[in-house]
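Letter by letter, the sequence shown follows residues 6 to 83 in my numbering. The structure appears right after this line, and notes come after that.
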Amino acid sequence: MSSKADLFERAARRNGISVLRVHRRDELVDAIASLAKGGDPVVLGGELSWLEHHLGRRGLRVVLADETEPVELLSGPG
Numbered sequence: 006m007s008s009k010a011d012l013f014e015r016a017a018r019r020n021g022i023s024v025l026r027v028h029r030r031d032e033l034v035d036a037i038a039s040l041a042k043g044g045d046p047v048v049l050g051g052e053l054s055w056l057e058h059h060l061g062r063r064g065l066r067v068v069l070a071d072e073t074e075p076v077e078l079l080s081g082p083g
């Protein structure tokens with residue numbers, strides 16, 4: 006029998022959503038950096054704002070969700 010997490014992951018992937026399973030903070034930074042496409046913002050919200058510094062050091066454009074409007078995120082860079 007599949008766990009609730011496995012069922013969620015399968016449903017998310019069917020809908021084109023990336024799912025990351027990590028156990029340590031450094032794994033999370035590595036996983037996000039490997040999925041980020043050049044120039045696309047990495048949007049962080051709430052308790053994940055601590056990642057801003059780590060991802061910025063890797064050259065990724067980071068946007069805090071509570072500092073912008075959703076429409077601004079959809080318009081892309083510039």
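The C-beta atom is built at its ideal place from N, Cα and C for all residues, glycine as well. All figures in this text were calculated on a predicted structure; none of them were measured in a lab.
- Contact check for L69 against S54 passes: the beta carbons are separated by less than 7 Å.
- In this structure, the beta-carbon distance from A16 to L25 does not fall below 7 Å.
- DSSP places V68 inside the beta strand (DSSP E), whose first and last residues are V67 to L69.
- Annotated three-state conformation of V47 is strand, per DSSP.
- Distances from the alpha-carbon of E52 to those of G21, I22 and D71 put D71 closest.
- Only exposed fits L40, as fewer than 16 other CB atoms lie within 10 angstroms of its CB.
- In this structure, the beta-carbon distance from R63 to A38 falls below 7 Å.
- When the Cα atoms are used, H58 and K9 turn out to be separated by approximately 32 Å.
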